[in-house]
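Chemist: The following block contains the structure, expressed as structure tokens.
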Amino acid sequence: MDIFEAISLFVFYAIATVILVVIALMLARLILNKADLNPFSRPVIMVRRWTDPLVNPVRRPLVQMGFGPNLAPLVVILIAILLGYFATQFIGTVLFTVKGLIASAVRGAPIAFVGFVIFGVLAMYSLMIFVRIVISWGVSPHNRLLHFLIRATEPLLGPFRRVIPPIGFMDISPIVVLFLLDLLQKAVAATLLRY
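Just so you know, we're using the numbering used here here: the sequence shown kicks off at 15 and counts up by one.
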């Protein structure tokens, strides 16, 4: 096992542990809400104190959209799983690219080095588009991260959006762009990374 695999395993287990703790806390909160226990008892106060920072930002938009506030812990679980997925994809891509860059530099393989740079850029761009799609569903349009993602991905998404008409209210141009970026990544992996 090399250092990159060890880092990857450590990060994966750390992210999985955080997600499992969030799921356990949110399930405890759901159970305590359904059990209708005394809200001033010690276990209820402790669980609420730990989960309120995660639940309160989600509860407000749910109520504004007409959903019940009791769904907030379930939404927090889904958000934690999605964020864990993004984090593992990001870390995995970065580690794979860095490992490939170092290995190709040590071997003296400039074609593979360029291939790993292109592969990493395509992977990060795909991840930014995916994160932009997911974040745009629930984040304020004035969010700094969303503005950064829009500025970074719009040069590629804009021309496709003008060519591909939306289906009803759904813009399918990001799906087409993600498919093309994945195809390019596979082509780079099959051709340039072999050297």
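Beta carbons: idealized from backbone N, C-alpha and C, even for Gly.
(1) M60 by DSSP, collapsed to three states: which one?
(2) Using the rule of at least 16 other Cβ atoms within 10 Å of the residue's Cβ for burial, across every protein chain shown, is A137 buried or exposed?
(3) Go ahead and pull the three-state DSSP assignment for I181.
(4) Closest by CA to V26, which one among I105, L76 and I149?
(5) What are the boundary residues of the alpha helix (DSSP H) that includes I45?
(6) Between the region 107-115 and the region 85-92, do at least 3 Cβ pairs fall closer than 8 Å?
(7) Among A126, V128, F162 and V145, which residue has its Cα nearest to the Cα of I189?
(8) Which of the three DSSP states, helix, strand or coil, is assigned to A201?
(9) I'd like to know whether the C-beta atoms of Y139 and L195 end up nearer to each other than 9 Å.
(10) Do L96 and V148 count as a contact pair if the criterion is CB distance below 9 Å?
(11) By Cβ distance below 6 Å, which residues in the same chain neighbour V58 in space, the five residues on each side in sequence not counted?
Modeler: Taking the coordinates as given:
(1) helix
(2) buried
(3) strand
(4) The sequence given here places Phe at residue 26; Val does not occur at that position. When each option's Cα is compared against that of F26, the closest is I105.
(5) I17 to A49
(6) no
(7) V145
(8) helix
(9) yes
(10) yes
(11) L46 and L51
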